[in-house]
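Quick note on numbering: numbering that gives the first Met the number 0 labels position 11 of the sequence shown as 10, and the sequence is numbered without any gaps.
Note that beta-carbon positions come from the ideal geometry of N, C-alpha and C, so glycine has one too.
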Amino acid sequence: MREPQNRSTGHRRRRMLALIAVSGAVLVAAAGPAVADGGDETDYLNVNAPWEVVLPMADADTGAAVPRMLQLSVGHDNPDNNVTGGRVTVDARDIADVATVTWPAACTPDSLAPLTATCDFGAVGTWPYTDVAALTLRAKAGAAEGVSGYLHVSADAESDFGQLTTEPMDISVTVGSGPDLSLNQLPDLKGVSPGTDVDQALRLSNLGDQTVDRTLLTFFASHGLDFVHRYANCSYADDDQAANPTGTSVVCVVDQPAESGMTYDLSAAAAVHAGPAALYDRFDYSAQPYTDEAYEQAQNGKEFTPGSGGELTLAPVTAARRSVAEEPAPDLNPGDNYRATTIRAANTADLVAEGAQVTGLPGDTVTTTVSVRNDGPAWVASLFAGEPVALVDVTLPEGTTAVAAPANCLGGGRSFRCHTPIYLWEKDRSDFTFSVRIDSLVPANAPGSVAVVNDHDEPPVTDFDPDLANNTAPITVAAVG
């Protein structure tokens with residue numbers, strides 16, 4: 000697995016990708032960075048694309064080959080820089096004996112070298128990157144299994160900081176034989192009303208040249224969501240804060256061939272209900288040819304309960320079938336077997352700061368706990384970016400010193416910045432316990448404070464908290480007796 004070589008905002012993206020990797024994703028990678036450096040005016044331009052593409056062999060009789068779309072997307076790292084437009088250069092000469100390339104409208108082939116092209120794009124932002132060109136690749140008629148070459152990609156762009164240019168990126172293109180299950184990317188949704196069902200047009204395609212006899216499907220819906228249908232050939236590990244704290248996992252086995260060249264409707268399997276706790280929620284889904292080993296890995300040691308409804312089946316959408324091999328091979332391109340999307344509800348979660356009173360005499364060391372409470376109705380989670388729900392500034396009163404602080408609090412003396420976990424359930428709290436030495440009793444009893452601050456893009460506290468006035472609470476000192 001390769002990680003995007005981003006710098007300015009790369010730390011946030013890496014946390015997001017780490018969460019995806021835990022769920023079993025095959026990561027789509029990014030090309031190397033480019034920089035325009037003028038003091039603090041530094042930025043990096045990136046091209047996102049797969050590192051490897053495997054093309055199903057062309058039919059030996061007709062020469063027809065199943066197409067694979069290669070999506071190129073572009074973005075940059077510094078949100079303070081305005082990237083106004085640029086171009087991606089693609090050189091396909093090295094794969095002339097491997098594949099044919101169909102250029103999209105955005106790309107202009109070189110009149111002297113038609114296997115190279117320049118693809119223009121307009122303004123692009125930071126993550127998520129902007130799709131700029133979708134190349135269509137097909138195995139060349141007569142190309143043998145295992146034949147390979149490289150597609151060379153680079154990009155440059157104009158920006159307020161100056162010219163940005165990427166390092167070249169080499170994409171491996173290989174001819175193979177086998178099934179190739181692929182799932183479409185569901186769109187991110189916003190403004191979903193709690194209490195409603197969410198229909199999602201999920202489809203499974205087999206883009207390879209071999210049929211899959213049995214398909215293993217997995218789904219995950221985070222805590223604010225539930226599955227509308229519970230199928231007899233699926234097993235469910237429901238939300239439990241002790242064992243499976245973030246949502247419901249589903250494993251399904253479909254005993255029905257996914258034939259070569261066909262697409263199937265799985266919309267009903269993807270339908271979810273937005274519950275009263277829905278806010279920033281996540282839906283994950285994957286497909287792969289069934290094996291006993293893959294089934295055990297999907298269960299991951301959790302306790303699953305079979306559904307009681309009818310069976311989940313593959314509903315054919317297309318009927319373009321190619322030849323079927325007697326012994327199916329592993330999936331050719333596992334990178335599109337896993338997807339994830341966000342479902343954001345029109346809901347609120349009231350974060351409330353809870354202060355404390357430090358009680359004792361000068362010289363005493365006492366324990367005090369401050370908190371952030373989620374009064375709901377929604378839970379809050381950062382399941383993509385992996386950011387804390389809230390950052391919390393803790394300032395102890397004058398005349399006191401912290402001699403021990405929680406591991407998730409940085410600072411010293413009287414001032415600390417603490418962070419909650421990446422999720423906080425409705426009606427739950429995050430506590431921060433300090434050992435505090437009372438050095439002196441300040442006559443004015445200048446109070447300290449605990450304050451929720453808003454330093455993260457996801458989730459931004461001001462977007463979901465309906466009452467910011469209760470995000471600060473005092474910490475006071477009182478003498479014994």
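Counted within 10 angstroms of its Cβ, other Cβ atoms place Gln-287 as buried (16 or more) or exposed: Walking along the sequence shown from the start, residue 287 turns up at place 288. When all chains shown are included, Gln-287 counts as buried.
Alpha carbon of Ser-176 to alpha carbon of Asp-208, nearest angstrom: As a position in the sequence shown, residue 176 is number 177, starting the count at 1. As a position in the sequence shown, residue 208 is number 209, starting the count at 1. The straight-line gap from Cα to Cα measures roughly 6 Å.
Three-pair Cβ contact test at 8 Å for the segment 81-93 versus the segment 146-161: yes
Paired residues, beta bridge with Phe-303 - DSSP: Reading the sequence shown from its first residue, position 304 is the one you call residue 303. Answer is none; Phe-303 lacks a bridge partner.
Separation of Ala-269 from Val-250, as counted between CA atoms: Counting from one through the sequence shown, the residue named residue 250 turns up at place 251. Counting from one through the sequence shown, the residue named residue 269 turns up at place 270. One C-alpha to the other measures close to 13 Å.
Spatial distance of Phe-340 from Ser-72 (CA atoms): Position 341 of the sequence shown, counting from 1, holds the residue named residue 340. Position 73 of the sequence shown, counting from 1, holds the residue named residue 72. At residue 340 the sequence reads Thr, which differs from the Phe that was named. So the alpha carbons of these two residues sit roughly 18 Å apart.
Own chain, CB closer than 7 Å to Tyr-230, minus 5 neighbours either side, in chain order: To locate residue 230, count along the sequence shown from 1; it is residue 231. Excluding sequence neighbours, Tyr-230 sits near Cys-251, Gly-306, Gly-308, Gly-309, Glu-310, Leu-311.
Cα-Cα separation, Thr-164 to Thr-107: On the sequence shown, position 165 is the one that residue 164 refers to. On the sequence shown, position 108 is the one that residue 107 refers to. Taking the straight line joining both Cα atoms gives about 19 Å.
Check whether Tyr-263 and Pro-315 have beta carbons under 7 Å apart: Looking up residue 263 in the sequence shown gives position 264. Looking up residue 315 in the sequence shown gives position 316. Yes, the Cβ-Cβ distance between Tyr-263 and Pro-315 is below 7 Å.
Length of the line joining the Cα atoms of Val-65 and Ala-122: As a working mapping, residue 65 is identified with position 66 in the sequence shown. As a working mapping, residue 122 is identified with position 123 in the sequence shown. Near 33 Å, if we compare the C-alpha coordinates of Ala-122 and Val-65.
Local conformation of Val-460 per DSSP, three classes: As a first step, residue 460 is located in the sequence shown; it is residue number 461 there, counting from the start. Of the three classes helix, strand and coil, the one that applies to Val-460 here is helix, per DSSP.
Backbone CA spacing between Gly-398 and Gly-84 [nearest angstrom]: Residue numbering aside, residue 398 sits at position 399 when the sequence shown is read from its first letter. Residue numbering aside, residue 84 sits at position 85 when the sequence shown is read from its first letter. Approximately 57 Å, taken between the alpha carbons.
Terminal residues of the alpha helix (DSSP H) in which Ser-266 lies: Here residue 266 corresponds to residue number 267 of the sequence shown, with the count starting at 1. Ser-266 -> alpha helix (DSSP H) spans 266-269.
Three or more C-beta pairs below 8 Å linking the segment 424-432 and the segment 372-379: yes
Whole-Å CB distance - Val-197 paired with Ala-273, under 8 Å assumed: Taking the sequence shown and counting its residues from 1, one reaches residue 197 at position 198. Taking the sequence shown and counting its residues from 1, one reaches residue 273 at position 274. The Cβ separation is near 6 Å, so the contact holds.
8 Å Cβ shell around Asn-81 - same chain, five flanking residues per side excluded: Your numbering for residue 81 matches position 82 in the sequence shown. Taken in chain order, the residues that qualify are Ala-122, Ser-158, Asp-159.
Distance between beta carbons of Asp-179 and Tyr-149, contact taken as under 8 Å: Here residue 149 is taken as the residue at index 150 of the sequence shown, counted from 1. Here residue 179 is taken as the residue at index 180 of the sequence shown, counted from 1. Not quite, the Cβ-Cβ distance comes to about 20 Å (not below 8 Å), so this is no contact.
Whole-angstrom distance between Ser-259 and Arg-320, CA atom to CA atom: As a first step, residue 320 is located in the sequence shown; it is residue number 321 there, counting from the start. As a first step, residue 259 is located in the sequence shown; it is residue number 260 there, counting from the start. Annotation note: pLDDT 49 at Arg-320 (below 50); position unreliable, no value reported.
Environment of Glu-302 [buried if 16+ CB atoms lie within 10 Å]: Indexing the sequence shown from 1 puts residue 302 at position 303. Counting Cβ neighbours within 10 Å, Glu-302 comes out exposed, since fewer than 16 surround it.
Status (buried if at least 16 other CB within 10 Å, exposed otherwise) for Lys-189: If you number the sequence shown from 1, residue 189 lands on position 190. Exposed, by the Cβ-count rule.
Buried or exposed by the 16-neighbour rule on C-beta atoms within 10 Å, applied to Asp-280: Translated into positions along the sequence shown, residue 280 becomes position 281. Under this definition Asp-280 is a buried residue.
Sequence-distant residues of its chain with Cβ nearer than 7 Å to Val-131 (five each side left out): Along the sequence shown, one-based indexing puts residue 131 at 132. These residues qualify, in order along the chain: Leu-71, Ser-72, Val-73, Val-87, Ala-105, Cys-118, Phe-120.
Delimiting residues of the beta strand (DSSP E) encompassing Gln-70: The residue labelled residue 70 in the question sits at position 71 within the sequence shown. First-last of the beta strand (DSSP E) with Gln-70: 67-75.
Check whether Val-271 and Leu-224 have beta carbons under 7 Å apart: By one-based count along the sequence shown, residue 271 stands at place 272. By one-based count along the sequence shown, residue 224 stands at place 225. Yes, the Cβ-Cβ distance between Val-271 and Leu-224 is below 7 Å.
Simplified DSSP assignment, three categories, for Pro-186: Residue numbering aside, residue 186 sits at position 187 when the sequence shown is read from its first letter. Coil, per DSSP.
Host beta strand (DSSP E) of Ala-293 (start-end): The residue labelled residue 293 in the question sits at position 294 within the sequence shown. It is not in any beta strand (DSSP E) - Ala-293 instead sits in the alpha helix (DSSP H) that spans 291-298.
CA nearest to the CA of Gln-356, picked from Ala-478, Asp-93, Pro-193: Residue numbering aside, residue 356 sits at position 357 when the sequence shown is read from its first letter. The shortest Cα separation from Gln-356 among Ala-478, Asp-93, Pro-193 belongs to Ala-478.
Where Leu-467 sits in the DSSP three-state scheme: Looking up residue 467 in the sequence shown gives position 468. In this structure, Leu-467 counts as helix in the three-state DSSP scheme.
Secondary structure of Asp-155, DSSP reduced to three states: As a working mapping, residue 155 is identified with position 156 in the sequence shown. Strand at Asp-155.
Burial state of Ala-20 (16 or more Cβ within 10 Å): In the sequence shown, counting from the first residue as 1, residue 20 sits at position 21. Reliability fails at Ala-20, whose pLDDT of 32 lies under 50, so the model's placement of it is uncertain and no value is given.
Contact set for His-455: own chain, Cβ-Cβ below 6 Å, skip 5 residues either direction: Walking along the sequence shown from the start, residue 455 turns up at place 456. Result list for His-455: Glu-386, in chain order.
Nearest-angstrom Cβ-Cβ length linking Val-174 and Ala-142, presumed shorter than 8 Å: Numbered from its first residue, the sequence shown carries residue 174 at position 175. Numbered from its first residue, the sequence shown carries residue 142 at position 143. At roughly 5 Å, the Cβ-Cβ gap stays under 8 Å, so Val-174 and Ala-142 are in contact.
Identified DSSP bridge partners for Tyr-279: In the sequence shown, the residue the question calls residue 279 occupies position 280. Answer is Arg-343.
Those residues which DSSP pairs with Ala-450 across a bridge: Residue mapping note: residue 450 aligns to position 451 of the sequence shown, counting from 1. DSSP lists Asp-392, Thr-471 as partners of Ala-450.
Simplified DSSP state of Asp-212, which is helix, strand or coil: In the sequence shown, counting from the first residue as 1, residue 212 sits at position 213. Note: Asp-212 maps to coil in three-state DSSP.
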